[in-house]
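Novice: For the sequence shown, position 68 (counting from the first letter as 1) is numbered 188 according to our numbering, and the numbering increases by one without interruption.
Glycine included, each C-beta is placed from N, C-alpha and C at the ideal position.
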Amino acid sequence: MVPSAKVFFGEVRTVYAPVAAALGLTGPEESDLVAPSARYTGPVVGYRITLDYREGTIGGRVELHRDTYYLSVDVEQLAMTVGVVERRGGISFSAKNQKQLRKSLQGHADYARLVHPFLADADPDTAEALMRRAGAREWSKR
């Protein structure tokens, strides 16, 4: 059975606390408006983790917010683009039970730790170019 939002948020806080501290991120900002999600924010980029109840999976995305739009890209795709992983499949997405959820969250947190140096020290324009190269989607804030 897919864990509840309460369990999801607790596991996210447990797994991401050391990563957030090491990377200088604030958060989590938690929401369960559409689907449970937690967001950690840094000076240039943020990381959003979302639980999909129907599929029993989690998603980990990197976000860059600009004045009128924001970009969002899968953390695994970005890790491949910057060359810190060679191919897909290095992390789990399954969240059909609490054990799988924690394993998947740990993998996504590890990937955030790998890609962060490429983004945190970059100016927003450079980070944006890198994210677009990775196939980031653009979303309007209007």
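Just to confirm, is the Cβ distance from K216 to G176 under 8 Å?
Specialist: In this structure, G176 lies closer than 8 Å to K216 by Cβ.
Novice: In whole angstroms, give me the CA-to-CA distance for A141 and A247.
Specialist: Spanning the two alpha carbons is a distance of roughly 21 Å.
Novice: Touching or not, the stretch 176-192 and the stretch 143-150, by the rule of three or more beta carbon pairs under 8 Å?
Specialist: Contact between the stretch 176-192 and the stretch 143-150 is absent, because fewer than three Cβ pairs lie under 8 Å.
Novice: How would you write the range of the alpha helix (DSSP H) that T161 sits in, first residue to last?
Specialist: T161 -> not in any alpha helix (DSSP H); beta strand (DSSP E) instead, spanning 157-161.
Novice: Assuming L239 contacts L250 under a Cβ cut-off of 8 Å, what Cβ separation, rounded to an integer in Å, is found between them?
Specialist: Indeed, because the Cβ distance is near 7 Å, the residues count as touching under 8 Å.
Novice: Checking 8 Å against the spacing of the C-beta atoms, do V154 and Q226 come in under that value?
Specialist: For V154 and Q226, no; Cβs fall outside 8 Å.
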